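The structure appears right after this line, and notes come after that.
Number of protein chains: 2
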Amino acid sequence: MSQPERQLHLNLFLTGMGHHEAAWRHPQSDIGSNLKLSHYVKLAQKAEAAKFDSLFLADRYAVSRQGAKYGLQGGIEPLTLLSALAAVTENIGLIATVSTSFNEPYNVARRFASLDHISNGRAGWNVITSGTDGEAQNFNSKKIPSHGLRYEKAREFLEVASKLWDSWGDDAIIADQEAGIFADERKVHEIHHRGNFFSVKGPLNIPRSPQGRPVLVQAGSSADGIDFAGQYAEAVFTAQQTLEEAQRFYQEIKTRAAAFGRSPESVKVLPGICPVIGRTEAEAKEKEAQLHDYTNTEFSLYQLSNRVGADLTAYPLDGPLPQLPATDGHQSRTKLIQELAFRENLTIRQLLLRLAGGRGHYTIAGTPEQISDQLEKWFKNKAADGFNIMPQLMSEGLDDFITYVLPLLQERGLFRTEYSGTTLREHLGLKWPDTGTVNLSAQA
Amino acid sequence: MSQPERQLHLNLFLTGMGHHEAAWRHPQSDIGSNLKLSHYVKLAQKAEAAKFDSLFLADRYAVSRQGAKYGLQGGIEPLTLLSALAAVTENIGLIATVSTSFNEPYNVARRFASLDHISNGRAGWNVITSGTDGEAQNFNSKKIPSHGLRYEKAREFLEVASKLWDSWGDDAIIADQEAGIFADERKVHEIHHRGNFFSVKGPLNIPRSPQGRPVLVQAGSSADGIDFAGQYAEAVFTAQQTLEEAQRFYQEIKTRAAAFGRSPESVKVLPGICPVIGRTEAEAKEKEAQLHDYTNTEFSLYQLSNRVGADLTAYPLDGPLPQLPATDGHQSRTKLIQELAFRENLTIRQLLLRLAGGRGHYTIAGTPEQISDQLEKWFKNKAADGFNIMPQLMSEGLDDFITYVLPLLQERGLFRTEYSGTTLREHLGLKWPDTGTVNLSAQA
């Protein structure tokens with residue numbers, strides 16, 4: 001078995017019951033376990049035994065009463081849950097989503113450094129800007145700021161956080177018990193940041209963490225998002241529907257990184273994939289159809305309307321998706337949905353089912369071979385450096401992927417059979433952070 | 001062995017190396033373990049095996065370069081560390097310090113609800129307002145707001161958090177998979193809070209947690225602090241030097257709670273105690289003196305100056321403490337230190353050593369019997385409902401307390417030998433939170 005140089009990276013996108021919007025209604029789902037730690041410990045330990053690079057938790061900062069009715073919650077806060085999972089895992093990376101719109105950089109830098117310490121170097125931060133008025137209304141505002149302004153704030157937020165992570169030099173700790181000197185104060189720096197959004201003196205109140213900085217992850221695919229990713233991200237989560245689109249996006253991210261003076265290998269592109277696995281393609285399609293049967297059109301329409309920022313309840317379900325208005329919310333997702341409906345000539349009702357399994361991520365129902373073939377094709381044709389695995393039904397879907405798909409990828413030499421490092425940075429083949437990379441005035 | 005109705009409550013005040021300011025210089029201290037999870041797991045599991053009510057972590061939001069030189073750090077962020085410890089303990093309560101000055105109530109309510117879920121009802125929140133300019137300077141300000149204003153904000157913060165915890169009714173979750181109804185939306189409430197400091201729509205993005213709300217803890221002993229504790233706190237940490245002072249404080253808290261219409265039992269008063277344990281009193285004093293030998297006068301003076309908000313380096317070390325100016329920082333601590341120096345007629349040098357072991361908390365070097373006698377005396381004479389145990393040297397001091405003092409307390413029927421409940425609320429003998437208690441306009 002030949003081991004090619006380049007292997008793919010796999011992240012498990014954790015959710016309570018699964019990524020299919022009706023997963024919680026499936027008879028196999030134990031709804032009560034959604035808020036129980038034991039449920040997530042099992043999933044994390046399975047993913048670690050299978051040698052996944054990392055676990056990831058998304059987040060949003062609001063839930064509506066109608067969303068709650070149909071099973072939507074924010075659920076357990078990502079850093080809380082991943083901190084707990086750090087105590088019962090040893091190797092797998094832990095990527096938490098935290099918004100730059102509703103937090104202070106000092107607190108966020110401190111929490112990620114803390115997670116990186118307690119996990120011995122496994123922390124990652126999925127940087128989001130948050131895009132809905134419903135979220136802004138939980139944080140002293142009526143409306144979310146404009147897309148451009150949110151990213152401007154995110155840039156400065158990251159600048160401050162990075163300065164704080166670097167505020168304790170790599171060799172600042174002396175720990176001389178006899179002399180009573182813990183740190184070389186010349187290597188502990190105040191940062192004196194003064195910007196448009198934040199003023200932060202520093203230093204950070206915790207020494208530099210095992211990875212130097214957490215691995216920076218990004219998931220917005222708008223023009224602002226791609227620019228942000230090119231400048232800062234070390235891994236990018238993205239929703240792509242076709243090989244061609246994924247290739248275009250992949251190329252764009254790598255080019256953008258190069259424009260910022262970074263090597264294309266310093267940012268890994270991981271499209272989401274929502275697999276449904278069967279012994280035959282027919283069995284897989286049957287499983288998928290069964291999950292679709294649990295969907296509720298009213299809820300699906302509510303979700304889609306929220307996602308595209310337009311009320312779609314007035315349009316006929318069996319008619320086409322109308323032209324969507326420009327939005328200041330999640331721009332890239334709206335564009336993807338519009339293109340999908342147009343390309344496949346879908347009615348609204350058909351579109352709801354196309355989105356039910358993965359909210360716009362690539363869904364595939366097939367045999368382990370078919371799925372492995374697809375992953376290999378994307379990986380070998382510059383569409384992906386790896387994948388964000390999103391089981392539609394969390395427990396069973398993850399088990400199937402690990403049992404039937406992973407061994408095929410390993411046989412083909414595409415995925416590790418053992419961890420070769422101990423930190424997330426090592427799993428992803430990333431270098432120690434270059435303390436020169438973050439600079440507010442950097443222009444590509 | 002008779003079991004009296006009332007038993008004392010014991011909290012372990014966690015630190016890296018110990019509460020003595022020179023603990024890290026002791027040859028037995030493994031400095032490297034200060035940021036390692038394994039170190040805290042060991043301590044937490046020991047405290048749980050000994051049936052402590054809870055673990056507690058303090059916090060501050062800044063460190064200076066000079067502080068870093070002498071071993072001061074914020075260390076691992078409390079909620080991060082306690083979330084990790086939730087995964088490897090089953091019964092012990094987990095009390096994290098979070099400031100109301102540098103956080104958003106939506107985030108804090110969410111994080112405590114999350115910790116309460118993953119720990120099956122063991123979360124507690126030590127509410128602090130933070131009192132130094134150095135902290136404010138990490139959060140976009142030059143100076144910390146006035147004492148009164150900080151407490152005003154803290155009150156509104158707690159009001160918002162409590163409304164958010166109550167925003168999912170106890171019976172809101174239906175989880176009807178067949179009908180596809182997860183929650184009864186009539187029992188999920190928007191809170192529409194609009195105040196002087198915060199505007200928050202709600203509901204919280206996580207269902208109500210096992211304890212309803214985390215146990216609320218408070219540690220300020222100023223007039224504002226006592227008022228705040230009387231209104232909200234379910235446990236109070238406090239520094240008291242003598243039985244008489246402790247009795248006065250105990251009475252004040254209970255009276256203040258009654259003035260807010262609360263029962264005196266609904267708030268537990270837990271003075272800090274820093275024990276050094278020897279087979280003989282002489283051995284204990286010898287151990288204490290050994291720790292004192294590791295102190296550094298320059299650092300001790302720096303610490304004391306910070307604590308009282310006045311530069312003391314200009315005063316003769318062997319002269320008396322000067323009259324301290326009024327401060328807008330930690331008022332109650334300054335008062336305690338001034339009174340201690342005056343009562344015991346201490347020079348500044350002597351005062352530094354009196355404070356080295358516990359920063360103003362009650363320090364006692366003695367035999368297990370002597371220490372048990374003191375605890376029993378305070379407990380039976382309305383000075384304490386229990387204690388905040390602060391080992392001067394973390395590992396050895398905790399081991400000694402568990403091995404030699406706890407069995408005496410248990411023989412006397414003063415402390416549990418088994419947990420009788422599973423939640424922190426049950427350990428402390430507290431009721432399910434009364435959703436009527438939090439009201440911004442409440443006036444005692």
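Quick mapping for you: the protein sequence lines, in order, are chains A and B. Under full-length UniProt numbering, the first residue of the first sequence carries the number 1, and numbering increases by one thereafter. Under full-length UniProt numbering, the first residue of the second sequence carries the number 1, and numbering increases by one thereafter. Even glycine gets a Cβ: it sits at the ideal position worked out from N, Cα and C. Since the structure is predicted, the reported quantities are computational estimates derived from the model, not experimental observations.
Asked: Which value, in whole angstroms, describes the spacing of the CA atoms of D170 (chain B) and R213 (chain B)?; Found: 11 Å
Asked: Can you list, in chain order, the residues of its chain with a C-beta nearer than 6 Å to that of H117 (chain A)? Leave out the 5 residues immediately preceding and following it.; Found: S209
Asked: Going by Cα to Cα distance, which pick from B:K380, B:G397, B:V405, B:H189 is closest to F14 (chain B)?; Found: The displayed chain sequence assigns Leu, not Phe, to residue 14 (chain B). Here the closest residue by C-alpha is B:G397.
Asked: In terms of alpha-carbon separation, which member of B:I76, B:L85, B:A258 lies closest to L43 (chain B)?; Found: B:L85
Asked: In angstroms with no decimal places, state the Cα-to-Cα distance between T129 (chain A) and H9 (chain A).; Found: 25 Å
Asked: Just to confirm the assignment, what range does the alpha helix (DSSP H) spanning N117 (chain A) have?; Found: The question names Asn, yet the displayed sequence has His at residue 117 (chain A). Counting along the chain, the alpha helix (DSSP H) containing H117 (chain A) begins and ends at 105-118.
Asked: Quick check on the burial criterion: 16 or more other C-beta atoms within 10 angstroms. Buried or exposed for R279 (chain B)?; Found: exposed
Asked: For my contact list, L409 (chain A) and S372 (chain A) are in at a C-beta cut-off of 8 Å; report their separation, rounded to the angstrom.; Found: 6 Å
Asked: Any idea which residues DSSP pairs P275 (chain A) with across the strands?; Found: A:I364
Asked: For the segment 209-222 of chain A, list every residue whose C-beta sits within 7 Å of some C-beta in chain B, in sequence order.; Found: none
Asked: Just checking my contact of Y362 (chain A) with Q240 (chain A) at CB under 8 Å: how many whole Å lie between their CB atoms?; Found: 6 Å
Asked: Does any residue of chain A have a CB that is nearer than 8 Å to the CB of A75 (chain B)?; Found: In the sequence as presented, Ala is not what sits at residue 75 (chain B); that position holds Gly. So, interface residue.
Asked: Terminal residues of the continuous alpha helix (DSSP H) containing S395 (chain B)?; Found: 394-400
Asked: With which residues is I95 (chain A) paired in a DSSP beta bridge?; Found: A:F56, A:G124
Asked: What first and last residue would you give for the alpha helix (DSSP H) that runs through F387 (chain B)?; Found: Not the alpha helix (DSSP H): F387 (chain B) falls in the beta strand (DSSP E), residues 386-389.
Asked: Taking the alpha helix (DSSP H) that D293 (chain B) falls in, what are its first and last residues?; Found: 281-293
Asked: Could you confirm whether any beta carbon from chain A is found closer than 8 Å to the beta carbon of R343 (chain B)?; Found: no
Asked: Look at the Cβ atom of S300 (chain A), then the Cβ atom of A365 (chain A), and state whether they are nearer than 8 Å.; Found: no
Asked: Which residues in the same chain as W432 (chain B) place their Cβ atom closer than 6 Å to its Cβ, once the five residues preceding and following it in sequence are excluded?; Found: G212
Asked: Counting only beta-carbon atoms, is G421 (chain A) nearer than 8 Å to chain B?; Found: no
Asked: Chain C partners of I31 (chain A), CB-CB under 9 Å?; Found: No chain C appears in this structure, whose protein chains are A and B.
Asked: Using beta-carbon positions only, say whether A22 (chain B) and M394 (chain B) come within less than 8 Å of one another.; Found: no
Asked: Using alpha carbons as the reference points, say which of A:S162, A:K51, A:V98 lies closest to P407 (chain A).; Found: A:K51
Asked: Could you check whether the Cβ of Q45 (chain A) sits closer than 8 Å to any Cβ belonging to chain B?; Found: no
Asked: Do T297 (chain B) and L352 (chain B) count as a contact pair if the criterion is CB distance below 8 Å?; Found: yes
Asked: Please decide whether L291 (chain B) counts as near chain A, where near means a Cβ-Cβ distance under 8 Å.; Found: no
Asked: Going by beta carbon distance, what residues of the same chain come within less than 8 Å of R349 (chain A), once the five residues before and after it are set aside?; Found: T297, L317, D318
Asked: Would you call the segment 182-191 of chain A in contact with the segment 250-262 of chain A, where contact means no fewer than 3 C-beta pairs closer than 8 Å?; Found: no
Asked: Can we say the segment 411-429 of chain A touches the segment 121-128 of chain A, given the rule of at least three CB pairs closer than 8 Å?; Found: yes
Asked: Quick check on D176 (chain B): does DSSP put it in helix, strand or coil?; Found: strand
Asked: Confirm, please, whether the CB-CB distance from S305 (chain A) to T295 (chain A) is below 8 Å.; Found: no
Asked: Quick one: is G429 (chain B) near chain A, going by C-beta distance under 8 Å?; Found: no
Asked: State the DSSP-derived secondary structure class of N11 (chain B), mapped to helix, strand or coil.; Found: strand
Asked: Taking DSSP as the reference, what is the three-state secondary structure of T334 (chain B)?; Found: helix
Asked: Closer than 7 Å between beta carbons: that is the criterion. Which residues of the segment 118-139 of chain B meet it against chain A?; Found: I118, Q137, N138, F139
Asked: Anything in chain B within Cβ reach of G202 (chain A), meaning under 8 Å, just list it in chain order.; Found: N138
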